[in-house]
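Structure record follows, encoded as structure tokens.
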Amino acid sequence: MKPAYLPLYVRDWRSDPKVALLSWEERMLYLDMLMLSWEHGPLPDDPARILRALGAPHPPELVLALFGSLWSRVDAGWVSPRLERERARTEAAISSNAKRTEAASRARWIRDGQRDGQRDVHPHGYRNDHPRAPEPEPVPSDSVSPVADSSSSRSSSEESGTPSAPACLPGMAPPKKTRSKRTEAPEWSGEVPKALRRESFLSAWGRWLTYRRVEHRARVKVTQTAGDAQLAEFVGWGVDRSCRAIAFTMKNQWQGIREPEEPRNGRRVLDEDDTEAMLKKAGLR
578 MKPAYLPLYV
588 RDWRSDPKVA
598 LLSWEERMLY
608 LDMLMLSWEH
618 GPLPDDPARI
628 LRALGAPHPP
638 ELVLALFGSL
648 WSRVDAGWVS
658 PRLERERART
668 EAAISSNAKR
678 TEAASRARWI
688 RDGQRDGQRD
698 VHPHGYRNDH
708 PRAPEPEPVP
718 SDSVSPVADS
728 SSSRSSSEES
738 GTPSAPACLP
748 GMAPPKKTRS
758 KRTEAPEWSG
768 EVPKALRRES
778 FLSAWGRWLT
788 YRRVEHRARV
798 KVTQTAGDAQ
808 LAEFVGWGVD
818 RSCRAIAFTM
828 KNQWQGIREP
838 EEPRNGRRVL
848 DEDDTEAMLK
858 KAGLR
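Going left to right, the sequence shown walks through residues 578 to 862 as our numbering numbers them.
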């Protein structure tokens, strides 16, 4: 599979002393020759033929000069050593990616076949369309029913004290294992720093905890870690600034603390007078 692109490292191109000594015309011709060699392999030892392939109105002597300074002669023609190294590296990467994709596809088909348990899986990853086994025959009436077997085995296992696997009827898949739910982090229940132990802040902080737990649409509790971090920030803000920020955030129905000076998502931001009126209405002033 041929690479679809030519890797061109701009820094290497511009810092190469051989390229730097070329004129602008020679540099453009050299780049066209690189792209032609990348697409078709070694260039022939015929400057006129190369110029016709490129459609370039240059003298053949210019191609010969480039061959002598930047190209190497091999049995198949003229090649660029750096170009061939990049070609080998790119083709190796393409081959490695193709092998990984094939292996992942084969593993996915095998995994799907083992999960549904109803169809065979080809060794090379292709799923067959025929059933793996015929349908189970009906149980005769004079034989013991599967339900009775399961109950008897359960009772025997209970007597022996050894747990048994849950029974299932023929044709039914065994019950899936349920994942255990992650335990939620506890809500903040620490102590307010001494610098904030004023009636106005304690009232605002308790209202904020209730707002996050009950009134906000996400109903996300303030965890112990988040509460301690927020209180540490409030200590630097002071009581009045912290109370204004809490009231401002609840008024705008946000989840994170924002100050009145911070606009958010183009929504209307309350000014300081609105905040003071809101604090008085809430009984915090």
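The C-beta atom is built at its ideal place from N, Cα and C for all residues, glycine as well.
Is the Cβ-Cβ distance between E764 and V799 less than 9 Å? Locating residue 764 in the sequence shown gives position 187, counting from the first residue. Locating residue 799 in the sequence shown gives position 222, counting from the first residue. In contact: E764 and V799 (Cβ atoms closer than 9 Å).
Counting C-beta neighbours from all protein chains within 10 Å, is the total for P584 16 or more, i.e. buried, or is it exposed? The residue given as residue 584 occupies position 7 in the sequence shown. Counting the other CB atoms within 10 Å of its CB gives P584 a total below 16, which places it among the exposed residues.
Who does T537 pair with in a DSSP beta bridge? There is no way to answer for residue 537, as the model of the chain reaches only from 578 to 862.
For the structure I just gave you, are there three or more beta carbon pairs, one from the region 615-623 and one from the region 651-658, closer than 8 Å? By the Cβ criterion, the region 615-623 is in contact with the region 651-658, since at least three pairs of Cβ atoms, one from each stretch, lie closer than 8 Å.
Residue interval of the beta strand (DSSP E) (run including W655): In the sequence shown, the residue the question calls residue 655 occupies position 78. Run containing W655: 654-656, per the beta strand (DSSP E) assignment.
With a CB to CB cut of under 8 Å and the five nearest residues on each side skipped, what residues in its chain are close to T802? For the purposes of this step, residue 802 is taken as the residue at position 225 of the sequence shown. Around T802: A762.
So, under 8 Å CB-CB, P658 and L641 are touching, yes? Tell me the CB distance rounded to an integer number of Å. Your numbering for residue 658 matches position 81 in the sequence shown. Your numbering for residue 641 matches position 64 in the sequence shown. About 18 Å; that fails the 8 Å criterion.
Can you check DSSP and say which residues form a bridge with S649? For this step, residue 649 is matched to residue 72 along the sequence shown. Beta bridge pairing from DSSP links S649 with V656.
Can you check whether the C-beta of Y586 is within less than 9 Å of a C-beta belonging to chain D? Structure shown: chain D not included; a single protein chain is present.
From W601, R821, M827, A806, residue whose alpha carbon lies closest to that of L639: Position 62 of the sequence shown, counted from the first residue, corresponds to residue 639. The option with the nearest alpha carbon to L639 is W601.
Excluding the 5 residues preceding and the 5 following L856 in the sequence, name in chain order all residues of the same chain whose CB lies nearer than 8 Å to its CB. Taking the first residue of the sequence shown as 1, we reach residue 856 at position 279. Cβ neighbours of L856 beyond the five flanking positions: C820, R821, A824, R862.
At 4 residues or longer, and completely inside the region 798-833: list those alpha helix (DSSP H) runs for me, N to C. As far as the region 798-833 is concerned, its whole alpha helix (DSSP H) runs of at least 4 residues are 801-814, 816-828.
Which residue from P770, R784, R818 puts its Cα closest to that of A809? Along the sequence shown, read from residue 1 onward, the residue named residue 809 stands at position 232. The shortest C-alpha separation from A809 is found at P770.
Report the residue from W590, M610, W814, E661 whose alpha carbon sits nearest the alpha carbon of I627. The sequence position of residue 627 within the sequence shown is 50, counting from 1. It is M610.
Just verifying my parser: in three-state terms, what is the DSSP assignment at L620? Here residue 620 is taken as the residue at index 43 of the sequence shown, counted from 1. Three-state DSSP puts L620 in a strand.
Supposed close pair Y874, L643 - CB separation, criterion 8 Å: Any question about residue 874 goes unanswered here, given that the chain covers just 578 to 862.
Pairwise C-alpha distance: M827 and T787: Sequence index remark: in the sequence shown, residue 787 carries index 210 (1-based). Sequence index remark: in the sequence shown, residue 827 carries index 250 (1-based). Cα to Cα, the separation comes out at about 11 Å.
Taking 9 Å as the threshold (C-beta atoms), are V797 and Q830 in contact? Along the sequence shown, read from residue 1 onward, the residue named residue 830 stands at position 253. Along the sequence shown, read from residue 1 onward, the residue named residue 797 stands at position 220. Not closer than 9 Å, so no.
If distances are taken between C-alpha atoms only, which option among R650, L647, A781 comes closest to K858? Here residue 858 refers to the residue found at position 281 of the sequence shown. Minimum Cα distance to K858 is reached at A781.
Which value, in whole angstroms, describes the spacing of the CA atoms of P594 and M605? Residue 594 sits at position 17 when you count from the first residue of the sequence shown. Residue 605 sits at position 28 when you count from the first residue of the sequence shown. So the alpha carbons of these two residues sit roughly 16 Å apart.
Candidates L613, S777, G813, E836: closest to G632 by CA position: The count along the sequence shown starts at 1 and reaches residue 632 at position 55. Nearest C-alpha to G632: L613.
Pick out whichever of D817, A795, L660 has its Cα sitting closest to the Cα of E853. The residue given as residue 853 occupies position 276 in the sequence shown. Of the listed residues, the one whose Cα sits closest to E853 is D817.
Could you round the C-beta distance between W615 and L660 to whole angstroms and report it? I think they count as a contact, below 8 Å. Working through the sequence shown from its first residue, we reach residue 615 at position 38. Working through the sequence shown from its first residue, we reach residue 660 at position 83. With a Cβ gap of about 6 Å, W615 and L660 count as contacting.
Just to confirm before moving on: does the CB-CB distance between V812 and L773 stay below 9 Å? The sequence position of residue 812 within the sequence shown is 235, counting from 1. The sequence position of residue 773 within the sequence shown is 196, counting from 1. In this structure, the beta-carbon distance from V812 to L773 falls below 9 Å.
With a CB to CB cut of under 8 Å and the five nearest residues on each side skipped, what residues in its chain are close to P637? Position 60 of the sequence shown, counted from the first residue, corresponds to residue 637. Only P624, A625, L628 meet the Cβ criterion.
Own chain residues within Cβ distance below 8 Å of W814, not counting five before or after: Here residue 814 is taken as the residue at index 237 of the sequence shown, counted from 1. These residues qualify, in order along the chain: A822.
In whole angstroms, give me the CA-to-CA distance for R677 and A684. The residue you call residue 677 lines up with position 100 of the sequence shown. The residue you call residue 684 lines up with position 107 of the sequence shown. Each residue's alpha carbon lies about 11 Å from the other.
Cβ distance (whole Å) where I671 is taken to contact P580 below 8 Å: Numbered from 1 along the sequence shown, position 94 holds the residue referred to as residue 671. Numbered from 1 along the sequence shown, position 3 holds the residue referred to as residue 580. Sure, about 7 Å apart at Cβ, within 8 Å.
Quick check on Y586: does DSSP put it in helix, strand or coil? Indexing the sequence shown from 1 puts residue 586 at position 9. Three-state result, Y586: coil.
Looking at the structure shown, is K579 part of a helix, part of a strand, or coil, going by DSSP? Sequence index remark: in the sequence shown, residue 579 carries index 2 (1-based). The answer is coil: DSSP assigns K579 none of H, G, I, E or B.
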